[in-house]
């Protein structure tokens, strides 16, 4: 039956204006948009002038980083007004390859929010990384005609692109839409990267970087994750002309942040607080993202498009009060139920003994955390203060572990470990004493994946049985368990971002200094380096 | 070898700015865009600060209306700075169906400008029209994977769309991109039309109409043809927000207008004279058109995109001084040579005798021309003054002819006839005396297609042997012959637009009153009407 929504103060991203309107919905699609009172029918909802905006779009996210499965992620997204998600299942692909990707695609079919996928382009992240799987160009091509697949995921192998590596070129040739990942890349190198038809970048951290990428034809995705928070710095690149070539994304963001702070709705709030107009922020979050990814059936409340929209709360700040997906109020949707099973390789770490964690004397390299960023600094132990030990343990091959130093964690006691450790998702741990670090690694390994805190002799674990990355629990339950874990985390003196920060320390595609099971890695020179200078 | 263009004052449509820059070209593609002086090489062209803009894009054109073949049209387009053409071979399709379309696609392969095609959706224009061919949904689908084909051509069958006609629906289902044609359509009917995923409209004649279509999610193509000149009226709908969803198109424009006034370059000049900023006009003419049609490899001078660009003349008005296609200066390109053969059905008219052109007494309907538009008015012979006789003769079936009256031609003597007569391309003629009208019809029929002027007993014909629509001559020669014809035309007292106006009088999909071989046609009621009230 035709539904009519009358007296909506409708935001139209195509023209950038609010206008009082009525609109009708048939079979989940918008049919007529007209003047208030103009549409007649039996099923009329009078919105009494409430503001209505198109459903929000998350332009780039790794669902696994939320710790949730796709269908549960979708259920949570709707609470934040996000009705369309563009996901890159890069994390599970590093653990279990195509089987992991297939799990994500299949489980997403039961998501109440629409989830589109980009196929991971860099599994493993670099030829040096040994994760649980390899996704070849042939594997990528096998997803070419999968309906929910719309492109190639972030191409992080910048050297491979610039050198014309045949396997990289073969992956780039599969899809028309290619997401990029070019942190700090500039000038000629950036031009050569873009010239391979790489369309987007979500790694900009400054307005200058964003403006350069925009002017060279890229779409810039403004990211507000848990570890990397770039929206405030990038909000000044958005104006009437560039708003059509910018989007928002959450990239890596835990379930608890999503519940407490939000998702793309949070990006909008941060942007507006940073001086962006609400209308520009809404443009980014709706039609600009739809256009960027070729999703011509959404992005605005207009005839023929999916009836995805949010009714806003009154008040100056942007908060959704009700969300409609395909014309159905999402608060009335049934729970999509338990996720599918996800079969992943077992954990088989060779866990180091205490004496194996000893470090040489003299000047040592120290990884420096950068607040609000995922890039790190390369520091010197002679000048750096207050650093801790960090250990990365191969979880797939019992082949060993690397030991390093990190500055920026605020531990006063205890240790933490996690099987979420980009991108290979080995076990990573950091803390005050070697004994506690080993105990935390044991806890994650013995649990078959998870996040562990060791403090005052007590070990607390959040189990992540799906590849050591995700839990099949409902998000409300996951948040409760995270709260328990984070209470323990706070006792160690670490900040709430400690797990997210820890998880990025082994990400070899990000400058400058990282840790892998082989030891320290120079993300600029793209090679292993010794800990001693 | 790498070419470098240095010290270019480059217009960047993505950010809407001019910036002094250097850029390099390899294998026809832009590779690096950098600061002036930053690129080193052996093959450097110093542009000394000249303005450089991306190659212009004509978003919708019927090449046949230029009277030229595709390759010759492409050669002429480059003179105007138009490096990409989106063509709908609707005219030749009405004459000879898929064979005509195939000729256009094949001949276009030798065009020095890139020509992409939309497959005609409405051949014949309405079920009542009897042209030379039918293009079925199955025919449309047969072009689905043709590389140069990017969508479905303007869907003019508005009643068929609104009623859900199965054949129309089948055509709409073939391609993602569907061009629209909805003159004057508004409100609920427009919404229902758009809800079939029809993306563009190039028939807007007022800012109100353009704004309504923009706000409902359509792309609006601002048209400057020979008969319909809408750019001035529509220029006020363009602002920083809407410029990304507007394009320019020439639709129907004779070769002589293209040579003397221009093409999309002319649209830019008209727009700027009407108050649009040059930067907005350039956005429409480049990146907005590329984005609208999914041509992600062009629209701006940026890495990886085709090296199509224009160097501008100094001075306030927009004129190109040099045009580069794939990095090659087009003035150095060889002539692409003679067009392919185009085999079309012969002319077999039953030409009326003088007494058959007699009209009844009493109040008669009169077609009223509207200056600068292709819509017509429906007038009354009791109040209208200075009307002439107009005759439409079936060229395919010897089935007959229709006779009507038209006001707006300024003949003082003589008659004209043409085999360009949208959309069925029967022979249409108008003039002062029945004898001269018949003589002009004879001239076109006996020539196997063309445009004829009869004046003072002398008959002058421009031969159009390709389906009665096009000539295989080089454009310079065609202009000379048109000049000869138009000198004769001027002697009749008619305006230079007379042939273009005449050619639209039988276009049944445009309101309000038209003429076909069956007689008068009511374009609103979509049915034949008698000449008497």
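Protein chains in written order, with this note's numbering: chain A, 2 to 534; chain B, 2 to 534. All C-beta atoms in this analysis are idealised placements derived from N, C-alpha and C, irrespective of residue type, glycine included. Only a predicted model underlies this, so the values are computations on that prediction, with no experimental measurement involved.
| Asked | Found |
| --- | --- |
| Is it the case that the Cβ atoms of residue 96 (chain B) and residue 468 (chain B) are separated by a distance below 8 Å? | yes |
| Using a cut-off of 7 Å between C-beta atoms, extract the partners of residue 119 (chain B) located in chain A. | Within chain A, no residue comes near residue 119 (chain B); the closest Cβ sits about 16 Å away, beyond 7 Å. |
| Since I believe residue 498 (chain B) is in contact with residue 294 (chain B) (beta carbons under 8 Å), could you give me their beta-carbon distance rounded to a whole number of angstroms? | With 8 Å as the limit, residue 294 (chain B) and residue 498 (chain B) do not qualify as a contact, their Cβ atoms being about 29 Å apart. |
| Considering only residues of the same chain and omitting the five flanking positions on each side of residue 7 (chain A), which have a CB-CB separation below 8 Å? | 23, 37, 38, 40, 45, 46, 47 and 48 |
| Keeping to the same chain, check which residues put their C-beta closer than 7 Å to that of residue 215 (chain A); ignore five residues upstream and five downstream. | 221, 238, 243 and 246 |
| Take residue 21 (chain A) and list the residues in its own chain whose beta-carbon comes closer than 6 Å to its own, dropping the five residues that flank it on each side. | 10 and 37 |
| In chain order, which continuous runs of the alpha helix (DSSP H) of length 4 or greater are located wholly inside the region 49–100 of chain A? | 71–80 |
| Under the rule that 16 or more other beta-carbon atoms within 10 Å means buried, what is residue 113 (chain B), buried or exposed? | buried |
| Residue 192 (chain B) versus chain A: which residues are under 8 Å apart at the beta carbon? | 32, 33, 34, 35 and 304 |
| Excluding the five sequence neighbours on either side, which residues of its own chain have a C-beta within less than 6 Å of the C-beta of residue 522 (chain B), listed in chain order? | 509, 515 and 529 |
| Cα separation between residue 92 (chain A) and residue 424 (chain A)? | 6 Å |
| Looking at chain E, is there any beta carbon in it that lies within less than 8 Å of the beta carbon of residue 189 (chain A)? | Judged by its chain identifiers, the structure shown contains no chain E, and its protein chains are A and B. |
| Have a look at A:224, A:234 and A:291 and flag the residue whose alpha-carbon is nearest the alpha-carbon of residue 266 (chain A). | A:224 |
| Find the residues of chain B that neighbour residue 16 (chain A), judging by a C-beta separation of less than 8 Å, and give them in chain order. | 212, 215, 216, 242 and 243 |
| Who are residue 247 (chain B)'s beta bridge partners in DSSP? | B:221 |
| If you draw a straight line from the C-alpha of residue 110 (chain A) to the C-alpha of residue 72 (chain A), how long is it? | 7 Å |
| For residue 292 (chain B), count neighbouring C-beta atoms within 10 Å of its own C-beta (all shown protein chains included) and say buried if the count is 16 or more, exposed if not. | buried |
| Are residue 211 (chain A) and residue 235 (chain A) touching if we call contact CB-CB under 8 Å? | yes |
| Let's test the definition: count the other Cβ atoms within 10 Å of the Cβ of residue 501 (chain A) and tell me whether it reaches 16, buried, or not, exposed. | buried |
| Report yes if the C-beta distance between residue 286 (chain A) and residue 312 (chain A) is below 8 Å; otherwise report no. | no |
| Quick one: is residue 196 (chain B) near chain A, going by C-beta distance under 8 Å? | yes |
| Using a C-beta cutoff of 8 Å, does residue 246 (chain A) count as contacting chain B? | yes |
| Does the region 355–371 of chain B come close enough to the region 405–422 of chain B that 3 or more CB-CB pairs lie under 8 Å? | yes |
| Just confirm the distance between the C-beta atoms of residue 141 (chain B) and residue 158 (chain B), as a whole number of angstroms; I'd bet it's less than 8 Å. | At roughly 13 Å, the Cβ-Cβ gap does not stay under 8 Å, so residue 141 (chain B) and residue 158 (chain B) are not in contact. |
| Show which residues of chain A have a CB atom less than 7 Å away from the CB atom of residue 301 (chain B). | 218 |
| Does residue 8 (chain B) get closer than 8 Å to chain A when you measure Cβ to Cβ? | no |
| Starting from residue 13 (chain B), find everything on chain A with Cβ-Cβ shorter than 8 Å and list it in chain order. | 216 |
| Mind checking whether residue 402 (chain B) and residue 389 (chain B) have CB atoms under 8 Å apart? | no |
| Check each candidate in B:181, B:342, B:318 and B:317 and name the one with the smallest Cα separation from residue 105 (chain B). | B:342 |
| Kindly list the residues whose CB is nearer than 6 Å to the CB of residue 512 (chain A), restricted to its own chain and excluding five residues on each side of it in sequence; keep chain order. | 376, 524 and 525 |
| When you compare only the Cα positions, how much space is there between residue 380 (chain B) and residue 392 (chain B)? | 17 Å |
| Residue 415 (chain A) and residue 455 (chain A) - do their beta-carbons sit closer together than 8 Å? | yes |
| Taking buried to mean at least 16 other C-beta atoms within 10 Å of its own C-beta, is residue 344 (chain A) buried or exposed? | exposed |
| Using beta-carbon positions only, say whether residue 156 (chain A) and residue 182 (chain A) come within less than 8 Å of one another. | yes |
| Just confirm the distance between the C-beta atoms of residue 133 (chain A) and residue 346 (chain A), as a whole number of angstroms; I'd bet it's less than 8 Å. | 5 Å |
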